[in-house]
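Shown next, in structure tokens, is the structure this report addresses.
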Amino acid sequence: MADKPESWGDHAITATDLHELPREITYAGVPSFLRRPYRKDLSDVDVAILGVPFDTATTNRPGTRFGPRGVRAASVDLAFEALVYGWDFHPVTEMKIADHGDLPFEFAKPAGIPDEIEKYVAWMLEQDTMVLSIGGDHFISWPLIKAHSAKHGKPISMIHFDAHSDTWADEHEDGINHGTMFWHATKQGYIDPKTSAQIGLRTVNEDPLGFNIFDAPWVHKHGTDAVVEEVRRIVGDNKAYLTFDIDCLDPAFAPGTGTPVCGGLSTAQAREIIKGLSGLNIIGADLVEVSPPFDHAEITALAGATLALDFLCLFARAPWRWT
Ligand SMILES: [Mn+2]
591 MADKPESWGD HAITATDLHE LPREITYAGV PSFLRRPYRK DLSDVDVAIL GVPFDTATTN
651 RPGTRFGPRG VRAASVDLAF EALVYGWDFH PVTEMKIADH GDLPFEFAKP AGIPDEIEKY
711 VAWMLEQDTM VLSIGGDHFI SWPLIKAHSA KHGKPISMIH FDAHSDTWAD EHEDGINHGT
771 MFWHATKQGY IDPKTSAQIG LRTVNEDPLG FNIFDAPWVH KHGTDAVVEE VRRIVGDNKA
831 YLTFDIDCLD PAFAPGTGTP VCGGLSTAQA REIIKGLSGL NIIGADLVEV SPPFDHAEIT
891 ALAGATLALD FLCLFARAPW RWT
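FYI, in our numbering the residues of the sequence shown are 591 to 913.
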């Protein structure tokens, strides 16, 4: 044991260098996202992974409150490679990335949780830390977008992967519903639908609110390169928030989610599109709707962790932050 440094094993709590890659048995030790060190202090952190274990807004089957834990557990299997396949660098080498743990909220007062999420993440963003949130159900994107708008100004562009538009009209001003939050966000001027894109949809909504929609059949017919070309043209240099509902993927690739819909994207298609967005001004991202109780063999959690790692690569190539 003499030649082993103190940070060998339990990297999540023993490592002191945020650029250090872990030396740890894949199936052992304390899991954090990608074995990143846990940090509550953000003063020296470029990017924070934040779990948001909230699933109160779910319309169908629940369980995404276990999403952050499930994605973290699956992510450790991705942590031992010194490069990310498909990219020519590793985001850990280029940015100081920490796991901030889970967002604390008063679970017994659900009506107050959206404000708690918004205020907490606004505090994180004020410290010039980029935030990658792991849900939780998709409703969390609404307070997350409010927090990012406070930092970057509104409206922002949104790049939205999903089986559902989540823009259904809501009669409740303060409704906590994971199918209506982008209706509120658009109506209240937080999102500019004209410079935003929705990818993978395959459910009916008569009013698209002006969003540029590339539904799942369009993706299958025209291919991922065409999606990339269109999204890059639509979003341009705008500051864009990336939100990925894991049910964008077909249930074959993401069974562990609350509202699965057949005919979706493969994990490979989603990765190709994400990689094609490198160089856009991504200001933040979330990966939502992973529900481990409905998962099988970690298929969904691993897809979520893999995509979240790709999001970190996008963060590292966002011009607004680094140039
Ligand atoms: Mn959604």
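Ideal Cβ placement from N, Cα and C applies to all residues, glycine included.
Name the DSSP beta bridge partners of residue i, please?
{"i": "residue 724", "result": "641 and 877"}
{"i": "residue 751", "result": "789 and 834"}
{"i": "residue 689", "result": "628 and 639"}
{"i": "residue 668", "result": "DSSP, once it has assigned bridges, lists no residue as partnering residue 668."}
{"i": "residue 871", "result": "829"}
{"i": "residue 839", "result": "855"}
{"i": "residue 824", "result": "Looking at the DSSP assignment, residue 824 forms no beta bridge with any residue, so it has no partner."}
{"i": "residue 746", "result": "781"}
Please go through the same chain and pick out, in chain order, the residues whose beta-carbon is closer than 6 angstroms to the beta-carbon of residue i, but skip the five residues on each side of it.
{"i": "residue 656", "result": "882"}
{"i": "residue 858", "result": "none"}
{"i": "residue 776", "result": "783 and 799"}
{"i": "residue 681", "result": "902, 903 and 906"}
{"i": "residue 835", "result": "728, 752, 878 and 879"}
{"i": "residue 833", "result": "731, 750 and 876"}
{"i": "residue 614", "result": "599 and 601"}
{"i": "residue 676", "result": "865"}
{"i": "residue 704", "result": "733"}
{"i": "residue 678", "result": "none"}
On the premise that residue j lies in contact with residue i, defined as a C-beta separation below 8 angstroms, what is that separation, rounded to the nearest angstrom?
{"i": "residue 660", "j": "residue 879", "result": "Contact flag wrong, Cβ pair sits at about 11 angstroms."}
{"i": "residue 829", "j": "residue 910", "result": "6 angstroms"}
{"i": "residue 627", "j": "residue 608", "result": "6 angstroms"}
{"i": "residue 788", "j": "residue 755", "result": "6 angstroms"}
{"i": "residue 791", "j": "residue 782", "result": "Not confirmed; about 18 angstroms, so no contact."}
{"i": "residue 851", "j": "residue 793", "result": "6 angstroms"}
{"i": "residue 826", "j": "residue 785", "result": "7 angstroms"}
{"i": "residue 839", "j": "residue 674", "result": "Wrong, their Cβ atoms sit about 19 angstroms apart, outside the cutoff."}
{"i": "residue 746", "j": "residue 831", "result": "5 angstroms"}
{"i": "residue 764", "j": "residue 686", "result": "The Cβ separation is near 37 angstroms, so there is no contact."}
{"i": "residue 611", "j": "residue 698", "result": "About 40 angstroms; that fails the 8 angstroms criterion."}
{"i": "residue 873", "j": "residue 742", "result": "5 angstroms"}
The beta strand (DSSP E) spanning residue i covers which residue range?
{"i": "residue 772", "result": "Per DSSP, residue 772 belongs to no beta strand (DSSP E); it is in the alpha helix (DSSP H), 771–777."}
{"i": "residue 804", "result": "802–804"}
Here's a check: name, in chain order, each residue in its chain whose Cβ is nearer than 7 angstroms to the Cβ of residue i, leaving out the five neighbours to either side.
{"i": "residue 774", "result": "732 and 760"}
{"i": "residue 744", "result": "779 and 780"}
{"i": "residue 700", "result": "646 and 766"}
{"i": "residue 730", "result": "642, 644, 707, 723, 876 and 878"}
{"i": "residue 662", "result": "621, 622 and 623"}
{"i": "residue 638", "result": "632, 688, 690, 714, 719 and 721"}
{"i": "residue 591", "result": "Note that residue 591 scores a pLDDT of 47, beneath 50, so its modelled location is shaky; the value from the coordinates is reported in the next line. Closer than 7 angstroms at Cβ, skipping near neighbours: no residue."}
{"i": "residue 684", "result": "906"}
{"i": "residue 650", "result": "848 and 849"}
{"i": "residue 855", "result": "790, 806, 809, 838, 839 and 840"}
{"i": "residue 824", "result": "785, 787 and 802"}
{"i": "residue 817", "result": "789, 804, 809 and 863"}
{"i": "residue 737", "result": "708, 711, 712 and 715"}
Ends of the alpha helix (DSSP H) at residue i?
{"i": "residue 859", "result": "857–866"}
{"i": "residue 681", "result": "681–684"}
{"i": "residue 911", "result": "909–912"}
{"i": "residue 903", "result": "889–906"}
{"i": "residue 604", "result": "601–604"}
{"i": "residue 705", "result": "703–716"}
{"i": "residue 733", "result": "731–742"}
Beta-carbon within less than 8 angstroms of residue i's beta-carbon, same chain only, minus the 5 sequence neighbours each way: which residues are those?
{"i": "residue 822", "result": "866, 867 and 870"}
{"i": "residue 896", "result": "668, 857 and 861"}
{"i": "residue 797", "result": "757 and 759"}
{"i": "residue 820", "result": "787, 802 and 804"}
If you measure from the CB of residue i, is any heavy atom of ligand 2 nearer than 8 angstroms?
{"i": "residue 763", "result": "Among the ligands modelled here, namely ligand 1, ligand 2 does not occur."}
contact_flag[the region 879–886, the region 843–854] where n(CB pairs < 8 angstroms) is 3 or more: yes
Validate contact between the region 621–632 and the region 692–709 using beta carbons, cut 8 angstroms, 3 pairs: no
Three CB pairs or more closer than 8 angstroms across the region 864–873 and the region 898–906: yes
Cβ contact (3+ pairs, closer than 8 angstroms) linking the region 889–902 and the region 666–685: yes
The region 747–754 / the region 714–725 touching (three or more Cβ pairs under 8 angstroms): Judged by pairs of C-beta atoms under 8 angstroms, the region 747–754 does not touch the region 714–725, as fewer than three such pairs exist.
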